[in-house]
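Reminder that position 113 of the sequence shown reads as 113 in UniProt numbering, one-by-one numbering, no gaps.
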Amino acid sequence: QVQTRHYPLQQQSPSWMAGDVGAPTGPRRPQQNHPAPAPQDQAGLSNAQTSTTAKQTTMAAPATPAPSTIAPSRGAPEQVIPREEDVLFGRSRSLHKHKGNMHMHQVVNGRKHVFEAAAKSARKQVIAGVVDELIAEGRRFLKRQTKEADGTLIWVEVSKERAAEKL
Numbered sequence: 001q002v003q004t005r006h007y008p009l010q011q012q013s014p015s016w017m018a019g020d021v022g023a024p025t026g027p028r029r030p031q032q033n034h035p036a037p038a039p040q041d042q043a044g045l046s047n048a049q050t051s052t053t054a055k056q057t058t059m060a061a062p063a064t065p066a067p068s069t070i071a072p073s074r075g076a077p078e079q080v081i082p083r084e085e086d087v088l089f090g091r092s093r094s095l096h097k098h099k100g101n102m103h104m105h106q107v108v109n110g111r112k113h114v115f116e117a118a119a120k121s122a123r124k125q126v127i128a129g130v131v132d133e134l135i136a137e138g139r140r141f142l143k144r145q146t147k148e149a150d151g152t153l154i155w156v157e158v159s160k161e162r163a164a165e166k167l
């Protein structure tokens, strides 16, 4: 028989702060939660992978994908502390007033006429130029991400490609 254990789900923090302009005032909608991992025995197998009978104990081998289907591990994203010059992704009013975001808007507005005059195929190059210029100034593009382990919000750096998509 397989034993099943149920664990309470952790509540995640909202991506907005209570005092933010535009923060919801009504009841919150349910947050998506991730279940806690199944407890493991001394052999490293979860309870769902072991079965016990009166006379015999059997252990199922952990499921492992074929070597050709294993995706390369990217590891956990590195947590960073935002600086004034960084560009922060998000929808909060306070982020619009962040110095790095205000500077990015100035650069974008300075190139707006070039972007609008460019052919559709050349517009990606204009956007990539803005991203490269901001990175050359020492600015980073950061987004909030939830740590699955404890549900806290952290800032992580995004790739140039993702930054260009968001501009």
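For glycine and all other residues, C-beta sits at the position ideal for the given N, C-alpha and C.
As the structure is a computational prediction, the values presented were derived from the model and not from experiment.
Original post:
Straight-line CA distance for residue 149 to residue 156?
Top reply: What you label residue 149 is simply residue 149 of the sequence shown in a count that begins at 1. What you label residue 156 is simply residue 156 of the sequence shown in a count that begins at 1. Roughly 16 Å between the two C-alpha positions.
**OP:** Would you decide whether residue 110 is buried or exposed? Buried here means 16 or more other CB atoms lie within 10 Å of its CB.
**Re:** Position 110 of the sequence shown, counted from the start, is the residue given in the question as residue 110. Per the 10 Å Cβ criterion, exposed.
Original post:
Between the C-alpha atoms of residue 13 and residue 165, what's the straight-line distance to the nearest angstrom?
Top reply: Here residue 13 refers to the residue found at position 13 of the sequence shown. Here residue 165 refers to the residue found at position 165 of the sequence shown. Residue confidence is low: residue 13 scores 45 on pLDDT, short of 50, so the model does not pin down where it sits. Its coordinate-derived value is still stated next. Approximately 26 Å, taken between the alpha carbons.
Subject >> Bounding residues of the beta strand (DSSP E) (the contiguous stretch that carries residue 144) >> reply: As a first step, residue 144 must be located in the sequence shown, where it is residue number 144. Per DSSP, residue 144 is one residue of the beta strand (DSSP E) stretching across 141-146.
Original post:
Would DSSP call residue 133 helix, strand or coil?
Top reply: If you number the sequence shown from 1, residue 133 lands on position 133. In this structure, residue 133 counts as helix in the three-state DSSP scheme.
Original post:
Between the C-alpha atoms of residue 139 and residue 85, what's the straight-line distance to the nearest angstrom?
Top reply: Taking the sequence shown and counting its residues from 1, one reaches residue 139 at position 139. Taking the sequence shown and counting its residues from 1, one reaches residue 85 at position 85. Using only the alpha carbons, I get a separation of about 6 Å.
Original post:
When you compare each of 95, 82, 101 to residue 131 by their alpha carbons, which one comes out closest?
Top reply: Looking up residue 131 in the sequence shown gives position 131. Ranking the options by Cα distance to residue 131, first place goes to 101.
Subject >> Of the residues 124, 90, 81, the one placed nearest residue 160, counting alpha carbons only >> reply: Stepping through the sequence shown from its first residue, residue 160 is reached at position 160. That would be 124, whose Cα lies nearest to the Cα of residue 160.
Original post:
In its own chain, which residues sit with a C-beta less than 6 Å from the C-beta of residue 79, not counting the 5 before and 5 after it?
Top reply: Taking the sequence shown and counting its residues from 1, one reaches residue 79 at position 79. Hits under 6 Å: 154.
Subject >> Beta-carbon proximity of residue 158 to residue 142, cut-off 8 Å >> reply: As a first step, residue 158 is located in the sequence shown; it is residue number 158 there, counting from the start. As a first step, residue 142 is located in the sequence shown; it is residue number 142 there, counting from the start. For residue 158 and residue 142, yes; Cβs fall inside 8 Å.
**OP:** Give the DSSP-derived three-state secondary structure of residue 78 in the structure shown.
**Re:** Numbered from its first residue, the sequence shown carries residue 78 at position 78. The three-state reading of DSSP puts residue 78 in coil, since its state is none of H, G, I, E or B.
Original post:
Checking contacts by CB at 8 Å: is residue 141 closer than that to chain D?
Top reply: The question asks about chain D, but that chain is absent: this structure has only one protein chain.
Original post:
Secondary structure at residue 116, three-state DSSP: helix, strand or coil?
Top reply: Working through the sequence shown from its first residue, we reach residue 116 at position 116. In the structure shown, the three-state DSSP call for residue 116 is helix.
Subject >> From 99, 92, 89, 104, residue whose alpha carbon lies closest to that of residue 133 >> reply: For the purposes of this step, residue 133 is taken as the residue at position 133 of the sequence shown. Scanning 99, 92, 89, 104 for the CA closest to the CA of residue 133 turns up 104.
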